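Each remark here refers to the structure printed beneath this line.
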Amino acid sequence: MKKLTKIDIITRPGKLEELKEALNAIGVAGMTVSQVYGCGLQKGHKEVYRGQEYAINLVPKVKVETVICEIPVEKVLEVAQKVLKTGQIGDGKIFVYNVENAVRIRTGEEGDIAIIDQK
Amino acid sequence: MKKLWSTMLTTLMLVAMMVPVAFAADAEAATKIDSGDTAWVLVSAAMVFIMTPGLGFFYGGMVRSKNVLSTIMQSFFIVALISVEWVLFGYSLTFSGDVSGIIGNLDKAGLAGIGVTTILDNGTIPEFAFVAFQCMFAVITPALITGAFAERIKFSAFVVFSSLWAIFIYNPMAHWVWGGGWLAKLGALDFAGGLVIHILSGVSGLVFCLMVGKRRGYGKSPIIPHNIPMIVIGATLLWFGWFGFNAGSALGANGLAASAFIVSQIAAAGATVSWVVAEWIYNGKPTLFGAASGCIAGLVAITPAAGYVTPMPALIIGLVGGVVCYFSVAVVKAKLGYDDSLDAFGVHGVGGTWGAIATGLWATTSVNEAGADGLFYGNPDLVVTQLISVVTAWVFAIVGTFILVKLIGLFMQIRVDEADEVAGVDISGHGESAYGQSIVAGHPVIGGQDVNL
Chain A
1478 MKKLTKIDII TRPGKLEELK EALNAIGVAG MTVSQVYGCG LQKGHKEVYR
1528 GQEYAINLVP KVKVETVICE IPVEKVLEVA QKVLKTGQIG DGKIFVYNVE
1578 NAVRIRTGEE GDIAIIDQK
Chain B
25 MKKLWSTMLT TLMLVAMMVP VAFAADAEAA TKIDSGDTAW VLVSAAMVFI
75 MTPGLGFFYG GMVRSKNVLS TIMQSFFIVA LISVEWVLFG YSLTFSGDVS
125 GIIGNLDKAG LAGIGVTTIL DNGTIPEFAF VAFQCMFAVI TPALITGAFA
175 ERIKFSAFVV FSSLWAIFIY NPMAHWVWGG GWLAKLGALD FAGGLVIHIL
225 SGVSGLVFCL MVGKRRGYGK SPIIPHNIPM IVIGATLLWF GWFGFNAGSA
275 LGANGLAASA FIVSQIAAAG ATVSWVVAEW IYNGKPTLFG AASGCIAGLV
325 AITPAAGYVT PMPALIIGLV GGVVCYFSVA VVKAKLGYDD SLDAFGVHGV
375 GGTWGAIATG LWATTSVNEA GADGLFYGNP DLVVTQLISV VTAWVFAIVG
425 TFILVKLIGL FMQIRVDEAD EVAGVDISGH GESAYGQSIV AGHPVIGGQD
475 VNL
């Protein structure tokens, strides 16, 4: 069984479409996307309602989760950074994890075969 | 609780039995019903009706998504609650006869003696049209208070408070000003309800919110509106309905109604502009929420003056009203630190007070012979009368609400439990939630369904 790796990319919502296209182009077909709120170096912004100021320090982000085995991790990291990097605070983070196992629920297949797209 | 219900039911049945079927054959009245006047007042009543559900949206958008239903529920349910109160006792206590200038009598309880042919005293419309029109005023007044205690009150306490407040505070005050009571005799002017509606509800709201305490997390974590478009829908319905509110108060389709209509628009516009400009200068950005708040502030301010002032004073009333209300919610509230959740006091109490005083400045008999001349038309006495009526409304609202809240607190819980407040009053008080499965306000996810996209 080939090694399974999970990659989480948390970044600007406006970059999602570009990222999806770039990942698809190198063969990453499966992903899970969520709307998330987070903070890091980016400290959020102020909002004013009826003259009262509020600090909104959790900023809207998207999180793209994908598990890969055939495509090299470095390739994904390189493509993601190329697309997402603006050089400004708030570009986001990428986290890489080892995955123990995977199951394709429809067929019961386990391991790398569970996530490989057999055409 | 069971006992309470059975008592209420018995009372209701007794009242129903006592109500005569209808006094047919009312002797041919001297005055005749005017069809144009009647049509306008009926349409106005319907327009004022829509203000209260509209207020529900206005307030509903301002709260957090976990409390939007309970907030709208208060405004929606109160339409029914106070309508029942109104036909049973409220109308009679306000407009039937006069007991030593303080309150009306119970001769028209259950609308007894009013029939299809009954014409309003000194009017040209059926009394039923007046009953309906005034019913909507009685409804919206306690609804305005709900903005002060939003997001933390038990529904049962709200129902009891609103009912008692309508009977013991609204009905007497409306009688004093409109029903021939002592303020009317004194010569106080309140065309469509600056004193009776806005000062009374705004100040009562302030007292209630001080007594019940701040919302949990107030001043620590951001408590911000969850749906500004909803606020604007509400403000739009209020603005629309307000033409019925002010112009309908002429009780006829005539020049006075048209004058009240146009000065209402002028003041609303003036206040919208001035509020937005004030926040633009003060906070750096013009906001939609500010524009929606500004129009309400202007409409509140012109309400007592609508039938007595000419267009240019109306513009000043609006411009000043917008700025005054903006500073009362943006600066004064923050400085004093009370939690008037949705600014019932900051807009209605403050705007109403300004409007009542402004009526004393700019009222002129050239608009309305039944009115009086104000300070700028050579009659400083009117300002004094207006100030007396303003102080009366403030004192009555403060004392009355204080007593009512204390009294209710003796036999029932007013504020929700901490856990229920944290969970949100929608789910804890009503068992329903507004937006299906949402994680954060405004970001619903597709809930539990197999959706083929």
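Protein sequence lines, in the order shown, are assigned to chains A and B.
Count the first sequence with our numbering and you get residues 1478 to 1596, in order.
Count the second sequence with our numbering and you get residues 25 to 477, in order.
All residues carry an ideal CB built from backbone N, CA and C; glycine is no exception.
Quick caveat, the model's predicted, so the values are computed rather than measured.
Chain-ordered neighbours of residue i on chain B, where CB pairs are closer than 7 Å
i, result
"Tyr1574 of chain A", "Per Cβ cutoff of 7 Å: no residues; Tyr1574 of chain A is ~23 Å from chain B at best."
"Glu1524 of chain A", "Ile248"
Coarse secondary structure for residue i, derived from DSSP in three states
i, result
"His1522 of chain A", "strand"
"Phe1572 of chain A", "strand"
"Val333 of chain B", "coil"
"Gln1512 of chain A", "strand"
"Lys1562 of chain A", "coil"
"Leu213 of chain B", "coil"
"His467 of chain B", "Reliability fails at His467 of chain B, whose pLDDT of 41 lies under 50, so the model's placement of it is uncertain and the value that follows must be treated cautiously. Looking at His467 of chain B - three-state DSSP - the assignment turns out to be coil, as it is neither helix nor strand."
"Ala321 of chain B", "helix"
"Ala51 of chain B", "Interpretation of Ala51 of chain B is limited by its pLDDT of 44, a score under 50 that renders its predicted location unreliable; no figure is taken from the coordinates."
"Ala136 of chain B", "coil"
"Gln289 of chain B", "helix"
"Tyr1531 of chain A", "strand"
"Pro310 of chain B", "coil"
"Glu1577 of chain A", "coil"
"Glu1655 of chain A", "The requested residue 1655 of chain A is not part of the displayed model; chain A covers only 1478 to 1596."
"Asp450 of chain B", "helix"
"Lys1641 of chain A", "Nothing can be reported for residue 1641 of chain A, as the shown portion of chain A is limited to 1478 through 1596."
"Pro246 of chain B", "coil"
"Glu1494 of chain A", "helix"
"Val45 of chain B", "The pLDDT assigned to Val45 of chain B is 40, lower than 50, so where the model puts this residue is not dependable; a value taken from the coordinates is nonetheless given after this. Val45 of chain B: coil per DSSP, three-state reduction."
"Ile1548 of chain A", "coil"
"Thr1543 of chain A", "strand"
"Val65 of chain B", "helix"
"Thr1488 of chain A", "strand"
"Ile143 of chain B", "strand"
"Val220 of chain B", "helix"
"Val353 of chain B", "helix"
"Pro150 of chain B", "strand"
"Ile438 of chain B", "coil"
"Pro328 of chain B", "coil"
Contact under 9 Å by Cβ, residue i with residue j
i, j, result
"Ala354 of chain B", "Gln1529 of chain A", "yes"
"Gly375 of chain B", "Ala338 of chain B", "no"
"Gly60 of chain B", "Ala277 of chain B", "yes"
"Gly373 of chain B", "Gly229 of chain B", "yes"
"Thr327 of chain B", "His222 of chain B", "yes"
"Gln1558 of chain A", "Lys1538 of chain A", "no"
"Trp110 of chain B", "Val163 of chain B", "yes"
"Ile102 of chain B", "Ser186 of chain B", "yes"
"Asn1575 of chain A", "Lys1497 of chain A", "no"
"Asp441 of chain B", "Asn91 of chain B", "no"
"Lys430 of chain B", "Met235 of chain B", "yes"
"Val72 of chain B", "Gly272 of chain B", "yes"
"Ala1579 of chain A", "Asp1594 of chain A", "no"
"Ile193 of chain B", "Thr425 of chain B", "yes"
"Val220 of chain B", "Ala70 of chain B", "no"
"Phe313 of chain B", "Ser68 of chain B", "no"
"Val1525 of chain A", "Lys309 of chain B", "yes"
"Val344 of chain B", "Ser298 of chain B", "yes"
"Leu22 of chain B", "Leu385 of chain B", "No information on residue 22 of chain B is available, as it lies outside the stretch 25 to 477 that chain B covers here."
Contact list for residue i against chain A, beta-carbon separation under 8 Å
i, result
"Tyr242 of chain B", "By Cβ distance, chain A contributes nothing, its closest Cβ being about 11 Å from Tyr242 of chain B, past 8 Å."
Proximal residues of chain A, C-beta to C-beta of residue i below 9 Å
i, result
"Asp367 of chain B", "Arg1527"
task = Could you pull out every unbroken alpha helix (DSSP H) segment of at least 4 residues lying fully inside the stretch 371 to 417 of chain B, listed in chain order?
result = 374 to 386
key: Residues of the stretch 333 to 363 of chain B whose Cβ lies closer than 9 Å to any Cβ of chain A, in chain order   = Tyr350, Phe351, Val353, Ala354, Val355, Lys357, Ala358
ask   = Name the residues in the stretch 302 to 319 of chain B whose C-beta lies less than 9 Å from a C-beta of chain A; which are they?
value = Ala302, Glu303, Tyr306, Asn307, Gly308, Lys309, Thr311, Phe313, Gly314, Ser317
key: Near-chain A residues of the stretch 228 to 257 of chain B (beta-carbon distance less than 7 Å), N- to C-terminal order   = Pro246, Ile248, Pro249
message = Output needed in chain order: residues of the stretch 1527 to 1540 of chain A with a Cβ under 8 Å from some Cβ in chain B.
response = Of all residues in the stretch 1527 to 1540 of chain A, Arg1527, Gly1528, Gln1529, Glu1530, Tyr1531, Ala1532, Ile1533 have a Cβ within less than 8 Å of some Cβ in chain B.
query = Which of the residues in the stretch 116 to 131 of chain B, read from start to end, lie with their CB under 7 Å from any CB of chain A?
reply = Those residues of the stretch 116 to 131 of chain B that come within reach of chain A (Cβ to Cβ, closer than 7 Å) do not exist; the list is empty.
ask   = What are the uninterrupted segments assigned as alpha helix (DSSP H) that are 4 or more residues long and contained completely in the stretch 162 to 189 of chain B, given in chain order?
value = 179 to 189
query = Which runs of the alpha helix (DSSP H), 4 residues or longer, sit entirely within the stretch 70 to 118 of chain B?
reply = Runs of the alpha helix (DSSP H) inside the stretch 70 to 118 of chain B: 92 to 109.
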